[in-house]
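In the working numbering, the protein residues as written are 10 to 316.
Let me begin by presenting the structure, written as structure tokens, before commenting on it.
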Amino acid sequence: MKIKPFWITKTSIGYKKILFFLSSFIIWLIFNLVFKLPLEIFVVITLVFINIILILVFLGLTKGITVFQKEIIEKNKEHFIVRDRFFPLHPSKSLRTICQPKSNVSYSSIYLKNHNSWLYLDFIRKLIKKNQPQKRSALVLGGGGAVIPLELLTSLEISSDVVEISPIMIKVAKKYFLPLRKSFLGSKISKIKLIQADAFAYTSQNKKQYGLIIVDLFVDHLIVPKIKNSIFIKKILASSEYVIVNFGLKKSSIDHRSFFEKYIKIARYTQIYKCKGNFIGIFSNKKKINNQLNEKNIFQYKVDINS
10 MKIKPFWITK TSIGYKKILF FLSSFIIWLI FNLVFKLPLE IFVVITLVFI NIILILVFLG
70 LTKGITVFQK EIIEKNKEHF IVRDRFFPLH PSKSLRTICQ PKSNVSYSSI YLKNHNSWLY
130 LDFIRKLIKK NQPQKRSALV LGGGGAVIPL ELLTSLEISS DVVEISPIMI KVAKKYFLPL
190 RKSFLGSKIS KIKLIQADAF AYTSQNKKQY GLIIVDLFVD HLIVPKIKNS IFIKKILASS
250 EYVIVNFGLK KSSIDHRSFF EKYIKIARYT QIYKCKGNFI GIFSNKKKIN NQLNEKNIFQ
310 YKVDINS
């Protein structure tokens, strides 16, 4: 695995960029003291430097400053960037994320210090609190940076088996995401088990019972079509008290209705929500679903998903 620094970003200001202009400005001042340039030239160039630095500082304060970033490239051409964004005015919003270059798709995001809220799909946390599984264990299909299992363990004390097909994502989770909560969780971090496997092959052979199964399987921003396979749906419903499925963004090209109808037809108890543009479903064959969430901007799916 090749890891190298990469500091220019489109979403925030790299701290090296600010340091570069500050050091250039200092060099310019020293240069002027030595060579005593005409006042007019000194004033113009100095004002240019000051304006650039002020703009960068303003953008850093409002959009965040990238203080850590690594580019990760595997031999099979898997290519990801891990970055930390720090918000000086709102430190609790500072985060770590992993994404692909030239893409706005984030595979995993987690707050660096704030343990009270989930950055990635916080609605799922609230959904689980209203539908507490008796078994305090989960199977998470689609590991990413192991953000969901980290949040399950931190805020709900639920252990997780995490199935992720990509070896690079397993490495990223172990090196860049699990350590973020190790000081907080201590030895409990061992309750997160990372498994490199195909999610569908794993579930077909699984004999273990879980309190919760979370399906979060995507390629880029598109949900994996196989999650609407009837055999897969029946298997995960039989293996858990509750199944939660992230169906993805409403604006994607996926026909969400075909996915919904499959789960609604097979599961005894069903509820689907639209939350901040994402469709999230909770299903069960064993327990009724508490849908009294009292959340703003949450819409329960009835018939027309376009409403």
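A virtual CB, placed ideally from N, CA and C, is assigned to each residue, including glycine.
What you are looking at is a predicted structure, and each value in this text was computed from that prediction instead of being measured.
- With 16 or more other CB atoms across the displayed protein chains lying within 10 angstroms of its CB, A147 is buried.
- Partner residues in the beta bridge of N287, as assigned by DSSP, are L258, C284.
- Annotation: the continuous beta strand (DSSP E) that includes V224 extends over 219-224.
- Spatial neighbours of T163 in its own chain (CB-CB distance under 8 Å, excluding positions within 5 residues in sequence) are listed in chain order as H124, R190, F193, L194.
- Separation of the CB atoms of F256 and F209 is rounded to 17 Å, and the pair is thereby denied contact status at 8 Å.
- The alpha-carbon separation between V254 and L56 amounts to approximately 54 Å.
- Counting along the chain, no alpha helix (DSSP H) covers V149; the unbroken beta strand (DSSP E) around it starts and ends at 146-150.
- As a beta-bridge residue in DSSP terms, D170 pairs with L148, K202.
- Relative to the Cα of I59, the nearest Cα in the group L68, L31, L42 belongs to L31.
- Look at I253 here: in three-state DSSP terms it is strand.
- In this structure, G220 places its C-beta atom within 8 Å of the C-beta atom of K144.
- Nearest to K138 by alpha-carbon distance, out of S293, F34, I167, G153, is I167.
- Comparing C-alpha distances from V76 to each of P47, L121, S117, I82 shows the shortest one belongs to L121.
- In this structure, S118 sits near L104, with a CB-CB distance shorter than 8 Å.
- C108 sits away from I82, with the two beta carbons spaced by 8 Å or more.
- Taking a contact as a CB-CB distance under 8 Å, the pair A155 and I198 does not count as one, their CB atoms being some 10 Å apart.
- Excluding residues up to 5 positions away in sequence, L226, F227 lie with their Cβ nearer than 7 Å to the Cβ of V233 in the same chain.
- One Cα belongs to N299, the other to D264, and the distance between them is close to 27 Å.
- Per the DSSP secondary-structure output, Y129 pairs with nothing in a beta bridge.
- The three-state reading of DSSP puts R266 in helix, counting H, G and I together.
- As a beta-bridge residue in DSSP terms, L104 pairs with R94, Y120.
- DSSP, read as helix, strand or coil, puts V233 in coil.
- Look at S175 here: in three-state DSSP terms it is coil, with no helix or strand label.
- In the structure shown, the three-state DSSP call for S196 is helix.
- Annotation for P188: no residue places its beta carbon closer than 8 Å to its own, counting only its chain and skipping 5 residues before and after.
- At a Cβ-Cβ threshold of 8 Å, S239 and K271 count as neighbours.
- The alpha-carbon of V43 is positioned some 15 Å away from that of S33.
- Beyond the five residues adjoining it in sequence on each side, P142 comes within less than 7 Å, by CB distance, of G220, L221, E250, Y251 in the same chain, given in chain order.
- When secondary structure is reduced to three states using DSSP, S248 falls in the coil class, being assigned neither helix nor strand.
- With contacts defined by Cβ atoms closer than 8 Å, I36 and V66 do not form a contacting pair.
- Cα atoms of R277 and Q214: separation of roughly 23 Å, rounded to the nearest angstrom.
- When beta bridges are read from the DSSP output, S115 appears opposite C108.
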